[in-house]
Amino acid sequence: MFGTKFKAQNLSASLKNVNSQIEKVKENKSKTEEQTKKEIVQHLEAKRESRARIAMEKVIQQENQIEALELVQICCDTLSKKFGLIQSMDSLDPTLSEAVSTVIWAAPHLETEVPELKKVVQQLCLRYSKEYGNLCRVNNLKTVNPKVIELLTTEKTSIVTINRHLANIAKEFGIDKGDFTYGSSGSEASFDSFTQPTSSCPYPQSNEHFPDAEKIYKDVVGDSPSEAHGMPWSAEHETPGNSVDKECMKPAQELTLLPTISL
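Residue numbers (the working numbering): 1 to 263.
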């Protein structure tokens, strides 16, 4: 919206509301998870293995979402506790970069159940610029919590993981797992497969070219990623334990149709 400015009181209130909403979602998901586990036990006792596997996959997905919600909640708590830094500093304090970028990245994946996240992201982008928000949205700066990405983007749970969880439930409830053919076929799901959010919160697709990532980071934080985090920025200097996504290193003119933030 034209003329919209950052309002500290709005961000503070939204961070508190996010915490309340996440607690309710976690409680509801935990109840659903317990009920589904009871159904799994019934399927196993009746030797309905296919149904047990389908239900088990749902439980695993619920567990992943709960864990992701808890991590995002920690990020919001961090922003609340260090709110003075957000208000007083002209640039983004480096100690808040992971919390800020993780909340911005995770919002489209969680806003259906935690709608207040959209307001948090809008205020953060007003505070640190929508260009910085766009960088966080695609994790161009590599500051988003990697565990949150893993939990929210794994498209399909592997059969090996599902069978392992089924075996644990069988053991927990005293079901002789020798009566069931859990199998071990299949391979672990690749983290190259991603579940993309369908929401537009608040990043509509456009043909706008992607900005200079390093320049935007310097404008917001004051240092380049390599200076702030001790990480190589150039793909030519990547190390085995610290690779740089070459796709994200393309010049601005080569990148199109990437998510942008509309305020």
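Where a beta carbon is used, it is the ideal one built from N, C-alpha and C, also for glycine.
Burial state of A55 is buried, judged by a 10 Å Cβ sphere holding 16 or more other Cβ atoms. As the crow flies, the alpha-carbon of N64 is around 17 Å from that of N163.
For I216, the closest alpha carbon among the candidates K118, E131, R137 is that of E131.
Scanning its chain for C-beta atoms nearer than 7 Å, with the 5 sequence neighbours on each side dropped, one finds around E113 the residues V25, in chain order. The beta carbon of V121 is closer than 6 Å to those of I104, A107 in its chain, skipping five residues each way along the sequence.
Only residues of its own chain outside the window of five on either side were considered, and among them L71 have a CB closer than 7 Å to the CB of K147, listed in chain order. Pairwise C-beta distances place the segment 136 to 150 out of contact with the segment 39 to 58, as fewer than three of them are shorter than 8 Å. For K31, the enclosing alpha helix (DSSP H) starts and ends at 8 to 45.
Annotated as distal: L85 and V220, with beta-carbon spacing of 7 Å or more.
Going by DSSP, F83 is part of the alpha helix (DSSP H) stretching over 83 to 88.
Sequence-distant Cβ neighbours of T78 in its own chain, meaning closer than 8 Å and more than five residues away, are L96, A99. Per DSSP, reduced to three states, the secondary structure at L92 is coil, with no helix or strand assignment.
Contact between A52 and I40 holds: their C-beta atoms lie close to 5 Å from each other, under 8 Å.
N168: member of the alpha helix (DSSP H) spanning 159 to 172, first to last residue. DSSP places L141 outside any alpha helix (DSSP H), giving it a letter other than H or E. One Cα belongs to T154, the other to N168, and the distance between them is close to 22 Å. Assigned with DSSP and collapsed to three states, K130 falls in helix.
The straight-line gap separating the alpha-carbon atoms of E57 and T157 is approximately 7 Å.
When DSSP states are grouped into helix, strand and coil, D77 belongs to the helix group.
Between V144 and S80, the C-beta gap is not smaller than 7 Å, which leaves the two residues out of contact. Taking the CA atoms as reference points, L126 sits about 19 Å from N140.
S30 sits exposed, since fewer than 16 C-beta atoms from the chains shown fall within 10 Å of its C-beta. DSSP places D219 inside the alpha helix (DSSP H), whose first and last residues are 213 to 221. Rounded to whole angstroms, the separation of the alpha carbons of T32 and E172 is 19 Å. In the DSSP assignment, P108 falls within the alpha helix (DSSP H) that extends over 97 to 110.
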